[in-house]
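For reference, the structure discussed in these notes is given below.
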């Protein structure tokens, strides 16, 4: 299974991953549109990103969420009705929503952010 | 299924939904196959909101003062409401059916989940009115994809719900995926043979690959449906998405919905376990507090109640499926038993998915009739739905029959061979099948409901009328739902000072009143019987389910708020205010929310008056509802009831049990009269239970035809002394 592993202890909070992600998938640099969320916690940075656990697959009422051949959890937007139950029930708070976006979005382990993450806090891994 | 024969077709123009409204309603006359598009005025939206409000307004305009349930001008109106169909908040797929009831001979409204309400609106209609009677069985098809309404000759030899629903999902869908774009309204043969007909509304379960049935159960809507020779109403609409309802502010819907999803995720397992067991979580709670009806409400507890404990149903219900009856319902309480092999009846041997049972069915077709066998309850639940019978009236009605049988008022000769004692599972199941078949006179009498059974048992079988009146658990002609109300004065009002009979959708005040003792005075009880019925009515105006209001509560609700305020769940009330404003673009407050309801509450009260009901004498209450009737009921809790007498200032020493019962009844009847007075005053009604002209003016529903009805019934002696 392919997934983006997050090593928050290495994170320096530069936010370049978020900007790269939103630029890649929504064509604009806006942290709110990132599929990774880096926030300042009590003892360092916290990274929320999908670990491909698949809880959302069983939560979706329209069978819009499934795994692709590489094990990555993906949303079929043509089936999604935007109920956000997947976001509400995500154990790692890694299914995202944003103003003016009707449907949720998540990391699909493309790995682009990992290539520009200076301290290698984000690493594309294959189980 | 062969191709159905088309009898009529009408094409309509598509419309864009705007802020929760299509802005028009669909009228279909099935006597002459005529169709009309009717506009929704701003006044109609302002005063009646939608859902049940629209249903009552349209029915008011359609009927005469003298219209009976089986007259052609009676209608079945189905309407969702402005919030119906949003996908972001749990419980947003409800629709409301409104009709003149065969049981109560006044207006009734009954709600169901399933996809019908949302798909109807997104097909371009805020409400559907069906008037007239067809000359043969028909299927009405609203094709929201192609903007037309079609009427087909029904191909069904038997109109039972599962058969009809499965066939029509199959017939109108292009492929498996397309089945979720369809919803079917159906009932069954039992609805033809009784006044307890329910309406089943479907949604297609993508995981189980079968249609599911949710019920607008109460009041006999299914009976009206079959009287009109409707076999089914079908709606189809593809492409439902997050903005189908075109809300003013999608972001707020998402924010509020996501917050509740997370609450449910974090708290449901600690609170009510709705996601695992649904409403049967109440089974053991009601038993613990003497509120589970046992043997026609004689008792509130039973030693075998553990056999229907929610843990038993948790094992039976398939777990881990998002069991919402509309998109976005993370409360997921639409539980089901899968691969259930039927042991009796016309589908014996078939493995089926059974919706439920809900708490009310566990109690009605369980403890109340002396049955504590979960498998039997599920089988009875299946056939009740399939035959189109309301499980609550069916349960309470059979409980009455069983007590009459045990009292010797009925015998095998009368019941045509059935020994209808409490717990007589096989014979009770056979009675249900006879109601489904319609081939047995006694079963037909039972299906007329307790109100009529009382008269028939007395006149035809010589049963004593006074006893029948005391133990027949009905009000306004409707069977009581499944809570023992005896020990809560406020709940007497919650059941019997209602618009349409003892249905638990207006107020459930037993814990607040009796356990937590938060309503000490009649004025306190009256305030609760003003607020909660109005608050809960609001769900029926907008198209929401009541359950996500207080079957999940914020973790700090009981810390931040106390007493009645905690029971209101203020944070969730604010959710509803936010949702309404986000959809409609209006700016109501929580106080205005109650006024929206109060308008429709009082309008419906006047409507009942217009139809010859709706006065104080129609708020009847049986003695069984306010205390023990027979000595064994008293003896089961003798210490408790002796203390009740003492609290009323009556010394129980040296009194026989019969004397104690009589004294407690007299005391409680005086309390009842005081409660009625306090509630009528608080609601702005006169002594006879009629809204005053001032009340109508205050609410802005002083339409000339409404005022005229009230004026006909106002008498000086019914005015309150100041």
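Protein chains in written order, with this note's numbering: chain A, 1 to 127; chain B, 1001 to 1722. The beta carbon of each residue, even a glycine, is placed where N, CA and C say it ideally should be. If you're wondering where the values come from, they're calculated on a predicted model, not measured in any experiment.
Listed in chain order, the non-local C-beta contacts of residue 1350 (chain B) below 7 Å within the same chain comprise 1342, local neighbours out to five positions each way being set aside. Using a 10 angstroms sphere on the CB of residue 1086 (chain B), the tally of other CB atoms reaches 16 or more, which defines it as buried.
Residues 1445 of the same chain have their beta carbon placed closer than 7 Å to that of residue 1456 (chain B), with the five preceding and five following residues left out of the count. Taking residue 1234 (chain B) as the centre and dropping the five residues before and after it, the same chain places the C-beta of 1139, 1140, 1141, 1142, 1168, 1172, 1182, 1183, 1184 and 1185 closer than 8 Å to its C-beta, in chain order.
Excluding sequence positions up to five before and after residue 1119 (chain B), its CB lies within less than 6 Å of the CB of 1183, 1235 and 1237, all in the same chain and listed in chain order. Ranked by Cα distance from residue 1029 (chain B), the first of B:1154, B:1129 and B:1059 is B:1129. For residue 1219 (chain B), the closest C-alpha among the options B:1636, B:1661, B:1475 and B:1561 is that of B:1475. No Cβ-Cβ contact shorter than 9 Å links residue 1080 (chain B) with residue 1012 (chain B).
Its chain contains 1489, 1490, 1493, 1509, 1513, 1519, 1675, 1678 and 1679 as the residues whose beta carbon lies nearer than 8 Å to that of residue 1525 (chain B), once the 5 sequence neighbours on both sides are disregarded; these appear in chain order.
Straight-line measurement puts the Cα of residue 1469 (chain B) at about 6 Å from the Cα of residue 1622 (chain B). For the segment 1322 to 1339 of chain B, the beta-carbon criterion of a distance under 7 Å to any beta-carbon of chain A is satisfied by 1322, 1324, 1327, 1328 and 1330.
The beta-carbon separation of residue 113 (chain A) and residue 17 (chain A), rounded to 4 Å, stays under the 8 Å limit for a contact. Rounded to whole angstroms, residue 1452 (chain B) and residue 1241 (chain B) show a C-alpha spacing of 47 Å. For residue 2 (chain A), the enclosing beta strand (DSSP E) stretches over residues 2 to 6. Straight through space, the alpha carbons of residue 1089 (chain B) and residue 1431 (chain B) are spaced by roughly 41 Å. Around the beta carbon of residue 1069 (chain B), a 10 Å sphere encloses 16 or more other beta carbons of the protein chains shown; the residue is thus reported as buried.
Within 7 Å of the CB of residue 1242 (chain B), the CB atoms of chain A belong to 81, 82, 102 and 103, in sequence order along the chain.
Residues of chain A whose Cβ lies closer than 9 Å to the Cβ of residue 1206 (chain B) are, in chain order, 61, 62 and 63. The three-state reading of DSSP puts residue 1548 (chain B) in helix, counting H, G and I together. Membership of residue 1493 (chain B) in the alpha helix (DSSP H) is indicated by the continuous run 1489 to 1496.
Taking 8 Å as the Cβ-Cβ cut-off, the segment 1504 to 1531 of chain B has no residue approaching chain A.
For the segment 12 to 42 of chain A, the set of residues with a beta-carbon nearer than 9 Å to any beta-carbon of chain B is empty.
Contact between the segment 1636 to 1653 of chain B and the segment 1606 to 1621 of chain B is not established, with fewer than three Cβ pairs separated by less than 8 Å. When Cβ-Cβ separations below 9 Å define contact, residue 92 (chain A) makes no contact with chain B. Your pair residue 1630 (chain B) and residue 1701 (chain B) does not check out as a contact, with CB atoms roughly 45 Å apart and the cut at 8 Å. For residue 85 (chain A), the closest Cβ of chain B is nearer than 9 Å. Residue 1112 (chain B) is bridged by DSSP to B:1095. DSSP places residue 1476 (chain B) outside both helix and strand once states are collapsed to three, so it counts as coil. About 12 Å separates the Cβ atoms of residue 107 (chain A) and residue 56 (chain A), ruling out a contact at the 8 Å cut-off.
At least one CB atom of chain A sits nearer than 9 Å to the CB of residue 1088 (chain B). Taking the C-beta atoms as reference points, residue 1189 (chain B) is found no nearer than 9 Å to residue 1202 (chain B). If the five residues before and after residue 1330 (chain B) are omitted, its C-beta is found closer than 8 Å to the C-beta atoms of 1090, 1260, 1261, 1264, 1265, 1275, 1322 and 1324, all from its own chain and listed in chain order. In terms of CA proximity to residue 1300 (chain B), B:1482 leads the group B:1547, B:1041 and B:1482. Put simply, the segment 1365 to 1383 of chain B touches the segment 1293 to 1309 of chain B. At least three CB pairs are less than 8 Å apart. The alpha-carbon separation between residue 8 (chain A) and residue 83 (chain A) amounts to approximately 30 Å. Using beta-carbon distances, residue 1572 (chain B) does not count as an interface residue toward chain A, since no partner is under 9 Å.
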